[in-house]
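Which chain is which? The protein sequence lines are X and G, in order. Under the working numbering, read the first sequence as residues 1 to 410, first letter to last. Under the working numbering, read the second sequence as residues 1001 to 1221, first letter to last. The beta carbon of each residue, even a glycine, is placed where N, CA and C say it ideally should be.
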Amino acid sequence: MLKNYFKIAIAVLKRRKFFTFISLFGISFTLTILMVATAFMDKVLSPDYPDYKRNRSLYVTSMEFKNSKEGWMNRSDVSYYFLDHYVSTLKTVQKIGISSSAKASNAYVNNKKLVIEYKYTNADFWNILEYKFLEGKAFQQREIDNAELVAVISEETKKDYFGDEQNVIGKYISADNINYRVIGVVSNVSKTLQNFCADMYIPYTLSKDYKSTNLMGGFGAVLLAKSEADLPKMKREYDLMIKKVPIPKDFDRLYCNADPYFASMTRRIAGDGTNDGLTKAISIISLFVLLFLLLPTINLVNINITRIMERSSEIGVRKAFGASSKTLVYQFIIENLILTFLGALIGLVLSVIVIYLINGANIVSNMRLSMNFTVLCYSLIACVFFGLLSGVYPAWRMSKLNIVKALKAQ
Amino acid sequence: MIRLNNIEKVYRTDTVETLAINGISLDIAKGEFLSIMGPSGCGKSTLLNIMGLLDEPSKGSIKIDEQDISRFSDQKLARFRNQKLGFIFQSYHLINDLRVLDNVELPLLYRNSSAKERKLLATAALEKVGLSNRLKHFPSQLSGGQRQRVAIARAIVGNPQIILADEPTGNLDSAMGNEIMDILINLNKNEGTTIVMVTHDESMAHKTHRLVRLFDGSQVQ
Chain X
1 MLKNYFKIAI AVLKRRKFFT FISLFGISFT LTILMVATAF MDKVLSPDYP DYKRNRSLYV
61 TSMEFKNSKE GWMNRSDVSY YFLDHYVSTL KTVQKIGISS SAKASNAYVN NKKLVIEYKY
121 TNADFWNILE YKFLEGKAFQ QREIDNAELV AVISEETKKD YFGDEQNVIG KYISADNINY
181 RVIGVVSNVS KTLQNFCADM YIPYTLSKDY KSTNLMGGFG AVLLAKSEAD LPKMKREYDL
241 MIKKVPIPKD FDRLYCNADP YFASMTRRIA GDGTNDGLTK AISIISLFVL LFLLLPTINL
301 VNINITRIME RSSEIGVRKA FGASSKTLVY QFIIENLILT FLGALIGLVL SVIVIYLING
361 ANIVSNMRLS MNFTVLCYSL IACVFFGLLS GVYPAWRMSK LNIVKALKAQ
Chain G
1001 MIRLNNIEKV YRTDTVETLA INGISLDIAK GEFLSIMGPS GCGKSTLLNI MGLLDEPSKG
1061 SIKIDEQDIS RFSDQKLARF RNQKLGFIFQ SYHLINDLRV LDNVELPLLY RNSSAKERKL
1121 LATAALEKVG LSNRLKHFPS QLSGGQRQRV AIARAIVGNP QIILADEPTG NLDSAMGNEI
1181 MDILINLNKN EGTTIVMVTH DESMAHKTHR LVRLFDGSQV Q
């Protein structure tokens, strides 16, 4: 049966080459965009260098004060004081990796300005995150306590600042006229990991505001639980602790959440203190994908209807010889899936080319997209969804054709 | 085998109502070869389509093989057509994208037959109509007579009890027409298949057991 459907599907594709081209172009183009978008989403959402322990981590990124009577609020990153004074006391937190948001500084190489983005970090930051050291090592607690002017730099910064020099450990890098001694060089981190990517990492004790006792500041943290199973316990303990944090005057509410990775992102983009924005973000993404799929689907539905109506006589014959409406719907959906899979195959080749070009052009700094198994699976789901979406209506309409009229249509 | 009771068929548009079949009752015995004649537009094909369960009557009832099919679901009707009926059309209605063998296998696709069994039965049916050397051809590579023979092979491959033929020789010259007629007569004689044939050709009609004449939707003979 399937072989027969396949033969027919291929024959129909060969019959009207222009229609075939339009259909395949629409499918492959749409799927290429979906596959590249899926590769991007996969890059953002899956554990990625250097943040591999997401399954046992919670992320503290922002704090919100609210005055519910006046209706105004204040939202910012958290302070080092808050993380050190409150969060680090939690029993279920095995380690707390603290880092600041990236700050820009200027360096000059051969009279050319080089913008260096740096982050302040604590010692456990290096224990939780698995940075790959190409040279040297991370700074330790002793260097932090002594507020030593030491730095870990990225591979890219090494190249931009030191050129082709082989070993730069012990050399000095000057940013905003402060000389830091390079003690480590790490592999570049993709710009999509905002919390962890920087050109240079230095001890937090060098920051001017780490001693401030304000709750808000310029820091964030990764809280590592002992195991994945401990994560809910850690979350509960954190939530209890937050309730005890004194709320500054002028406000009556304080929100500061420890979220899983994706929720920490969606809270920033689409949520607030009480809502992690997960549902909203997923709805927006789904709506976008649906709308994006809708246009080529309508186009494909139209082409499919024209093509199927050209085959009225065949439909009549099949019905006369025992095909039920259900069988015919099944046949035409299968045929459409075959067409979609052909389109997907072309789309796959195009995606590999597009991903290669995006990686080559370094559109998002240090982001390396790839077509891995997850991306392929999602693309396959998108492909089946697309095939069904564009095949069901024409198939249903065709299956309702009156046999006598269908036979006369030849 | 087939019992039509007071069949009426009315075609309605917004403004016009056309009575295509007007109260026809007909009994066709098992193994009978019946021809239906009449001028164009008298309702011959409509009657055949109703017998073949391809169209529904506006009034009246049909019994085939003692079964009242008026309450059959789409699924059950399809299965019934597949098991009991075979069709031959004036313009063959072969699927041009499929080879001769695949065309003949078509009715078996809707049964639980294996690919091997389908191929065996289709080859045997094509042998019966003298086309065993054209299995891999496409319909467009065959003459009119050969196409109609493929259509006959497709109609008989599932071994149906009834064959309904709508002007099977209408598009063929007399020599080819006679060949096709001989195949149908042999089928009726040797296999006992009940055949109902619509034709314009008196000489063909006289080769059958019984002739029914229609005029303006009514039976006149």
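* Asked: Would Asn1049/G count as contacting chain X if we go by Cβ distances under 8 Å?
  -> At a cut-off of 8 Å, the C-beta of Asn1049/G has a neighbouring C-beta in chain X.
* Under the rule that 16 or more other beta-carbon atoms within 10 Å means buried, what is Asp42/X, buried or exposed? -> So Asp42/X ends up on the buried side.
* **Residue from Leu34/X, Ser62/X, Gly387/X, Asn195/X whose Cα sits closest to the Cα of Ser286/X** => Answer by Cα proximity: Leu34/X.
* Asked: Counting along the chain, where does the beta strand (DSSP E) carrying Ala409/X start and finish?
  -> Counting along the chain, Ala409/X falls outside any beta strand (DSSP E), and DSSP gives it neither H nor E.
* To do: To the nearest angstrom, report how far apart Met241/X and Lys249/X are at their CA atoms.
  => Just so you know, the alpha carbons of Met241/X and Lys249/X end up roughly 19 Å apart.
* To do: Could you tell me whether the Cβ of Asn4/X comes closer than 8 Å to any Cβ of chain G?
  => Contact with chain G is found for Asn4/X, since one of that chain's Cβ atoms lies less than 8 Å from the residue's Cβ.
* Hey, how far is the Cα of Ile1028/G from the Cα of Arg1003/G? -> The alpha-carbon atoms of Ile1028/G and Arg1003/G are separated by roughly 6 Å.
* **Among Ile1021/G, Gly1177/G, Gln1075/G, nearest to Glu1202/G - alpha-carbon criterion** => Considering only Ile1021/G, Gly1177/G, Gln1075/G, the residue with the shortest C-alpha distance to Glu1202/G is Gly1177/G.
* Quick one: any contact between the stretch 1015-1022 of chain G and the stretch 1116-1133 of chain G, if contact means 3 or more CB pairs under 8 Å? -> With the cut-off at 8 Å, the stretch 1015-1022 of chain G and the stretch 1116-1133 of chain G do not touch.
* Can you find at least 3 beta carbon pairs, one from the stretch 209-218 of chain X and one from the stretch 68-87 of chain X, that sit closer than 8 Å? -> Under the 8 Å Cβ criterion, the stretch 209-218 of chain X counts as touching the stretch 68-87 of chain X, having at least three qualifying pairs.
* To do: Indicate whether Ala1165/G and Ile1062/G have their beta-carbon atoms separated by less than 8 Å.
  => Pairing Ala1165/G with Ile1062/G gives a Cβ-Cβ distance that is not under 8 Å.
* **Within chain G, the residues that Glu314/X reaches when beta carbons sit closer than 7 Å** => From the beta-carbon of Glu314/X, the residues of chain G found nearer than 7 Å are Ile1095.
* To do: Just the C-alpha distance for Ala1205/G and Gly343/X, rounded to the nearest angstrom, thanks.
  => Using only the alpha carbons, I get a separation of about 54 Å.
* Can you name the residues that DSSP bridges to Leu224/X? -> In the DSSP output, where bridge partners are listed per residue, Leu224/X has Ser57/X, Lys95/X.
* To do: Just mark Pro1039/G as buried or exposed, buried being the case when its beta carbon has 16 or more other beta carbons within 10 Å.
  => Exposed, because fewer than 16 other Cβ atoms sit within 10 Å of the Cβ of Pro1039/G.
* If contact means a Cβ-Cβ distance below 7 Å, which residues of the stretch 1068-1079 of chain G contact chain X? -> Cβ contacts with chain X come from Asp1074, Gln1075, Ala1078, Arg1079.
* To do: Check the Cβ of Asp1237/G against every Cβ in chain X and list those closer than 7 Å, keeping chain order.
  => Shown here, chain G extends from 1001 to 1221; a query on residue 1237/G therefore has no answer.
* Asked: Counting pairs of Cβ atoms below 8 Å between the stretch 304-315 of chain X and the stretch 362-376 of chain X, do you hit three or more?
  -> In short, these stretches do not touch, since the Cβ pair count stays below three.
* Contact with chain G by Phe321/X, beta-carbon distance below 8 Å -> Using a CB distance cut-off of 8 Å, Phe321/X counts as an interface residue toward chain G.
* Between which two residues does the beta strand (DSSP E) carrying Ile1062/G extend? -> DSSP places Ile1062/G in the uninterrupted beta strand (DSSP E) bounded by 1059-1064.
* Should Lys17/X be flagged as near chain G, meaning a C-beta pair shorter than 8 Å? -> Using a Cβ-Cβ cut-off of 8 Å, Lys17/X does not count as an interface residue toward chain G, since no Cβ of chain G sits closer than that to its own.
* To do: Show which residues of chain G have a CB atom less than 7 Å away from the CB atom of Ser324/X.
  => The contacting residues are Asp1074, Gln1075, Ala1078.
* At 9 Å on the CB atoms, spell out the chain X contacts of Asp1055/G, in chain order. => By Cβ distance, chain X contributes Asn402, Ile403, Val404.
* Asked: For Phe162/X, which of helix, strand or coil comes out of DSSP?
  -> Helix, per DSSP.
* Asked: What are the start and end residues of the beta strand (DSSP E) that includes Glu64/X?
  -> Unbroken beta strand (DSSP E) run through Glu64/X: 63-67.
* Asked: Candidates Gly1144/G, Asp1102/G, Thr1169/G, Leu1126/G: which alpha carbon is nearest His1200/G's?
  -> Checking every option, the nearest Cα to that of His1200/G belongs to Thr1169/G.
* chain G within 8 Å of Ala281/X, Cβ atoms only -> Interface with chain G (8 Å Cβ-Cβ cutoff): Ala281/X is excluded.
* **Collapsed DSSP secondary structure at Asp1182/G in the structure displayed** => Helix.
* Return the bridge partner residues of Pro203/X from the DSSP annotation. => Its beta-bridge partners are Thr121/X.
* Asked: Is there contact here, the stretch 168-178 of chain X with the stretch 95-113 of chain X, by at least three beta-carbon pairs under 8 Å?
  -> Verdict: yes, contact present.
* How about the stretch 275-285 of chain X and the stretch 368-384 of chain X: do they share at least three Cβ pairs that are nearer than 8 Å? -> No: the two stretches stay apart, fewer than three of their Cβ pairs being nearer than 8 Å.
* Asked: Cα separation between Phe65/X and Asp272/X?
  -> Their backbone Cα atoms lie some 11 Å apart in a straight line.
* For chain G, is any of its Cβ atoms less than 8 Å away from the one on Ile8/X? -> Interface residue, yes.
* CA-CA distance, Glu135/X and Met73/X? -> Rounded to the nearest angstrom, the two C-alpha atoms are 45 Å apart.
* To do: Look up Gly1023/G in the DSSP assignment and say whether it is helix, strand or coil.
  => In the three-state reduction of the DSSP assignment, Gly1023/G falls in the strand class, which pools E and B.
* To do: Name, in chain order, the residues that DSSP records as bridge partners for Asp51/X.
  => For Asp51/X, which the question treats as bridged, DSSP gives the partners Asp48/X.
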